[in-house]
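S.K.: These protein sequence lines are chains H and R, in that order.
The first sequence: position 48 = 48 (our numbering), numbered continuously.
Heads up: take any position in the second sequence, counting from 1, add 1000, and you land on our numbering.
Glycine is no exception: its CB is placed at the ideal position from the N, C-alpha and C atoms.
Please read these numbers as outputs of a predicted model, since none were measured by experiment.
Questions regarding the structure given below will be posed in turn.
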Amino acid sequence: MTVQFELDAQALSARAEALGGPAWMVNRRKEAAELAPTLALPKVEKIKIEKWDFTSGDVELTKLDGLTPEIEALLGDHRTNVLVERNGHVVYNELQVPEGVLFMGINEAMEQHPELVEKYFMTEGVRVDEERLSALNAALTNGGAFLYVPKNVQVKDPLQAIFTMEQANGALYHHTIVVADEGSEVTFIESFLSNTNEPHTVNAVTEVFAAANAKVVFGGVDQLAESALTFMNRRGVVYENARLEWALGHMNDGNSVVETKTHLVGDNTFSDTKAVTIGRGAQKQNFNIRTDHFGKSSEGFILIHGVQKDSATAIFSGTSMIHHGASKSNGVQTERVLMLSEKARGDANPILLIDEDDVMAGHAASVGRVDDIQLYYLMSRGLSRQEAERLIIHGFLNPVVEQLAIESVKDRLREVIEGKVR
Amino acid sequence: MSNVPHMKIDDLRVSIEGKEIVKGLNLEIKGGEIHAIMGPNGTGKSTLASALMGHPLYEVTGGSVDLNGEDVLEMEVDERAQAGMFLAMQYPAEISGVTNADFLRSAINSRREEGQEISLMKFIRELDAKMDVLEIPSEMAHRYLNEGFSGGEKKRNEILQMMMIKPNIAILDEIDSGLDIDALKVVATGVNEMRSEEFGCLIITHYQRLLNYIEPDFVHIMMDGKIVMSGGKELAQRLEAEGYDWVKQDLGMTVDTEA
């Protein structure tokens, strides 16, 4: 028997309306609330997410003040160009950015820059009718960030966002929009933290737009607790000659549905998606990483490295879809899973879908244990088996760690990895 | 405590997948000595080296190896290293995501007590100095361990590790293969810098060439899994000039050494 969490459209509409916002947003919320019950859950391979309760958490989240020690640690010396939200409410927002750059909470942005938010909020990125969880996010958005970089502006200092969820039985419907306008450059790094061991839900939709000739580097470190149920939907839209690089450390301890999809809309576009994870305990995770090539000469790279411990399950699906007309495109993906336990499960499903003749594409996938010959080599230099394994695992997850532009975030991710593999 | 090493290999037998490759080998190496083992392809030289270090695919089926009174064959690979052994490998593993420098520091610190770790400054100074000797460009410290290294870079990197770790017994497995004369001289300089009463070395090679730059005290000829003849450096020169056929004739052997 499958338990399906039924959605009451009326009750949902009432909750959506209560969250408020400008009139256009309230309308969008209501439309999404009507649509959500008619939509299917995101398509997930081999894990039954129908039983996961994504919908009953409380969306009225308590306002908190100050910074927790965990937030302080993530900030380190990087105290400006920072946005911190606790329970979806902004608690810290210090900026020293070039003129015209906007970096603020999504709720504040809806009020202060409605024309921009309205233009990008679930229009060209994630669409409201794709699946149920993103529609719920549109209906119930109660936190998130907005970042806008005007034409030809290069933001040198990385912009950092920290989002915490601290309410027992609460639900954060987090919506972030990053817009790099034509010819601009920006690095954005976000971290998600839990500060409660009671059940809570995080449903996060992130839409990233790299307009023509723009360059966006997006770092994300998710480190939500075992008691958190997570849906992370990150979407990139890349226009002519633009670049988007993702570096994502998926370090959640609870059940997670993770999607990272990039649409290479323009010609001569580039995207690089690097994602690493460590599964432990009995957690179940589904990763769906996909690059859609629409523009000519578009290049898309996907790298997924997963470590699976204990009785954790993870399904890694990587898809490179080269659409008709995307000639001279190149789609390359690698999925590697390192198994540290007999009871763990890790599946790697590399998929190439090609609807154009003149293209290049390739994939590599493997699921295996720590390599005996690598262990032998390291041990022959005096490292204990445990230390050698530790080094190999850190190396395996390093492609994302080294990509993160803020030292304190890097250090924190290393610590999280260290704590998880021990 | 004296650090002058003494290794004694007695009637060692090694198999791979049930096939005996090393067939009763005897050898004694002491601090201050440099030994060279030469021999045609497929006679078990590299098998000997790998088995001494404890490679997981090689099975020791008989004999003993003693280092300073301790039974090497009872030790795990890391314990052998801790006891002072080092093998410069012919085909070192590539470890993605782990930089050369980070790895070397871990290796050095694995020999030190907690709280006695080498300071970063001292480590960098020493690493720079050794890399200079071996003419290794400084960016190689920050590349991932052996990943994308050329054959020559791997060999130099193995010698760099040896110089940083400072073992008491080093085995160099065909460290000269694929090196040009200039690289060979550089590698030899590194090995010669290690010479001391506290350092014994076993060089495994096909060619006498390397021995022009690292002068051995003893040269052994290995055939069909055993040492069949031992002598001084002049033995290597004779092999270079005349090949191995005379050895077989002298010993009345009819073994096929091209396996």
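Give me the chain R residues within the contact set of Phe396(H), using Cβ-Cβ distance strictly less than 8 Å, ordered along the chain.
M.R.: For the purposes of this step, residue 396(H) is taken as the residue at position 396 of the first sequence. Ordered by position in chain R, the residues that pass the 8 Å Cβ test against Phe396(H) are Ser1096, Gly1097.
S.K.: Have a look at Leu375(H) and Ala1093(R) and give me their C-alpha separation to the nearest angstrom.
M.R.: Taking the first sequence and counting its residues from 1, the one referred to as residue 375(H) is at position 375. Taking the second sequence and counting its residues from 1, the one referred to as residue 1093(R) is at position 93. Taking the straight line from one Cα to the other gives about 9 Å.
S.K.: Using beta carbons (cut-off 8 Å, strictly below), is Ser384(H) in contact with chain R?
M.R.: By 1-based counting over the first sequence, the position of residue 384(H) is 384. Chain R contact via Cβ: present.
S.K.: Can you list, in chain order, the residues of the region 1061 to 1079 of chain R whose Cβ is nearer than 8 Å to any Cβ on chain H?
M.R.: Glu1076, Val1077, Asp1078
S.K.: For a test of the three-state rule: what should DSSP assign to Trp52(H), helix, strand or coil?
M.R.: The residue given as residue 52(H) occupies position 52 in the first sequence. In this structure, Trp52(H) counts as coil in the three-state DSSP scheme.
S.K.: To the nearest angstrom, how far is the alpha carbon of Thr1257(R) from that of Asp1071(R)?
M.R.: Translated into positions along the second sequence, residue 1257(R) becomes position 257. Translated into positions along the second sequence, residue 1071(R) becomes position 71. In this prediction, Thr1257(R) has a pLDDT of 49, which is less than 50 and means its spatial position is unreliable; what the coordinates show is noted afterwards. Answer to the nearest angstrom: the Cα atoms are 32 Å apart.
S.K.: To the nearest angstrom, report how far apart Ser56(H) and Ile189(H) are at their CA atoms.
M.R.: As a working mapping, residue 56(H) is identified with position 56 in the first sequence. As a working mapping, residue 189(H) is identified with position 189 in the first sequence. Spanning the two alpha carbons is a distance of roughly 29 Å.
S.K.: Check for me: the alpha helix (DSSP H) holding Tyr377(H) runs from which residue to which?
M.R.: Residue mapping note: residue 377(H) aligns to position 377 of the first sequence, counting from 1. Start and end: 372 to 379.
S.K.: Compute the distance between the beta-carbons of Leu1067(R) and Pro1005(R), then report whether it is under 8 Å.
M.R.: Here residue 1067(R) refers to the residue found at position 67 when the second sequence is read from its first residue. Here residue 1005(R) refers to the residue found at position 5 when the second sequence is read from its first residue. Yes.
S.K.: Alpha carbon to alpha carbon, how far is Glu407(H) from Leu74(H)?
M.R.: Within the first sequence, the letter at position 407 stands for residue 407(H). Within the first sequence, the letter at position 74 stands for residue 74(H). Answer to the nearest angstrom: the Cα atoms are 9 Å apart.
S.K.: Taking only runs that begin and end inside the region 34 to 85 of chain H, name each unbroken alpha helix (DSSP H) of 4 or more residues, in chain order.
M.R.: With a minimum length of 4 residues, the continuous alpha helix (DSSP H) runs that stay inside the region 34 to 85 of chain H are 69 to 75.
S.K.: Let me know if Asp1250(R) comes out buried or exposed under the rule of 16 or more other beta-carbons within 10 Å of its beta-carbon.
M.R.: Residue mapping note: residue 1250(R) aligns to position 250 of the second sequence, counting from 1. Burial call: exposed.
S.K.: Kindly indicate the opening and closing residues of the alpha helix (DSSP H) around Glu240(H).
M.R.: The sequence position of residue 240(H) within the first sequence is 240, counting from 1. No alpha helix (DSSP H) contains Glu240(H), which DSSP labels as neither H nor E.
S.K.: Mind listing the chain H neighbours of His1055(R)? Cutoff is C-beta to C-beta under 7 Å, in chain order.
M.R.: For the purposes of this step, residue 1055(R) is identified with residue 55 of the second sequence, where counting begins at 1. Result: Tyr376.
S.K.: Apply the 10 Å Cβ neighbour rule to Ala14(H) and answer buried if 16 or more other Cβ atoms are within range, or exposed otherwise.
M.R.: The residue given as residue 14(H) occupies position 14 in the first sequence. Exposed, since its Cβ has fewer than 16 Cβ neighbours within 10 Å.
S.K.: Using the C-alpha atoms, what's the distance from Gln1116(R) back to Pro150(H)?
M.R.: In the first sequence, residue 150(H) corresponds to position 150, counting from 1. In the second sequence, residue 1116(R) corresponds to position 116, counting from 1. About 53 Å.
S.K.: Measure the alpha-carbon distance for Met321(H) versus Ser327(H) and round it to whole angstroms.
M.R.: Within the first sequence, numbered from 1, the residue matching residue 321(H) stands at position 321. Within the first sequence, numbered from 1, the residue matching residue 327(H) stands at position 327. Approximately 12 Å, taken between the alpha carbons.
S.K.: How is the beta strand (DSSP E) around Phe270(H) delimited, first residue to last?
M.R.: By one-based count along the first sequence, residue 270(H) stands at place 270. For Phe270(H), the enclosing beta strand (DSSP E) begins and ends at 270 to 279.
S.K.: Can you tell me which of the three DSSP states Tyr1244(R) falls into?
M.R.: Against the second sequence, residue 1244(R) aligns to sequence position 244. Tyr1244(R): coil per DSSP, three-state reduction.
S.K.: Relative to the C-alpha of Leu1087(R), which candidate in Glu1174(R), Asp1102(R), Leu1104(R) has its C-alpha closest?
M.R.: Position 87 of the second sequence holds residue 1087(R). Measuring from the Cα of Leu1087(R), the nearest candidate turns out to be Glu1174(R).
S.K.: Given a cut-off of 8 Å, decide if Val1022(R) and Gly1044(R) are closer than it, judged by their beta-carbon atoms.
M.R.: Within the second sequence, numbered from 1, the residue matching residue 1044(R) stands at position 44. Within the second sequence, numbered from 1, the residue matching residue 1022(R) stands at position 22. Going by C-beta atoms, Gly1044(R) is nearer than 8 Å to Val1022(R).
S.K.: Which residue marks the beginning of the alpha helix (DSSP H) containing Tyr120(H), and which one marks its end?
M.R.: Walking along the first sequence from the start, residue 120(H) turns up at place 120. Element bounds for Tyr120(H): 114 to 120.
S.K.: Which term fits Ala1259(R), buried or exposed, when burial requires 16 or more other beta carbons within 10 angstroms of its beta carbon?
M.R.: Here the question's residue 1259(R) lines up with position 259 in the second sequence. Residue confidence is low: Ala1259(R) scores 40 on pLDDT, short of 50, so the model does not pin down where it sits. Its coordinate-derived value is still stated next. Around the beta carbon of Ala1259(R), fewer than 16 other beta carbons lie within 10 angstroms, which makes this residue exposed.
S.K.: Does DSSP put Pro399(H) in a helix, a strand or coil?
M.R.: Translated into the one-based positions of the first sequence, residue 399(H) becomes position 399. Of the three classes helix, strand and coil, the one that applies to Pro399(H) here is helix, per DSSP.
S.K.: What number of angstroms, rounded off, separates the C-alpha of Leu1221(R) from the C-alpha of Asp1128(R)?
M.R.: Residue 1221(R) sits at position 221 when you count from the first residue of the second sequence. Residue 1128(R) sits at position 128 when you count from the first residue of the second sequence. According to the sequence provided, residue 1221(R) is Ile. The question's Leu does not apply to it. Taking the straight line joining both Cα atoms gives about 37 Å.
S.K.: Any residues in the region 1153 to 1179 of chain R with a beta carbon nearer than 7 Å to a beta carbon of chain H? Which ones, in chain order?
M.R.: Gln1161, Ile1165
S.K.: Using a 10 Å radius around the Cβ and a threshold of 16 neighbouring Cβ atoms, would you call Leu1057(R) buried or exposed?
M.R.: Indexing the second sequence from 1 puts residue 1057(R) at position 57. Looking at its Cβ environment, which holds fewer than 16 other Cβ atoms inside 10 Å, Leu1057(R) is exposed.
S.K.: Quick one: grab the DSSP three-state call for Thr123(H).
M.R.: Here residue 123(H) is taken as the residue at index 123 of the first sequence, counted from 1. Note: Thr123(H) maps to coil in three-state DSSP.
S.K.: Could you work out which residues of chain H lie near Leu1087(R), taking near to mean beta carbons separated by less than 9 Å?
M.R.: Taking the second sequence and counting its residues from 1, the one referred to as residue 1087(R) is at position 87. The contacting residues are Ser380.
S.K.: Comparing the C-beta of Gln1090(R) with each C-beta of chain H, is any distance below 8 Å?
M.R.: Here residue 1090(R) is taken as the residue at index 90 of the second sequence, counted from 1. Cβ-Cβ to chain H under 8 Å: no for Gln1090(R).
S.K.: Any Cβ of chain R within less than 8 Å of the Cβ of Leu83(H)?
M.R.: Position 83 of the first sequence holds residue 83(H). Leu83(H) does not count as touching chain R.
S.K.: Could you list which residues in chain H have their beta carbon closer than 8 Å to that of Gln1082(R), in chain order?
M.R.: Indexing the second sequence from 1 puts residue 1082(R) at position 82. Result: Gly382.
S.K.: Distance cutoff 8 Å, beta carbons only. Does Leu136(H) sit that close to anything in chain R?
M.R.: In the first sequence, counting from the first residue as 1, residue 136(H) sits at position 136. Using a CB distance cut-off of 8 Å, Leu136(H) does not count as an interface residue toward chain R.
S.K.: Nearest-angstrom Cα distance between Tyr1213(R) and Gln1161(R)?
M.R.: Residue 1213(R) sits at position 213 when you count from the first residue of the second sequence. Residue 1161(R) sits at position 161 when you count from the first residue of the second sequence. Their Cα atoms are separated by approximately 20 Å.
S.K.: Which runs of the beta strand (DSSP E), 3 residues or longer, sit entirely within the region 1016 to 1097 of chain R?
M.R.: 1019 to 1030, 1034 to 1038, 1059 to 1067, 1085 to 1088
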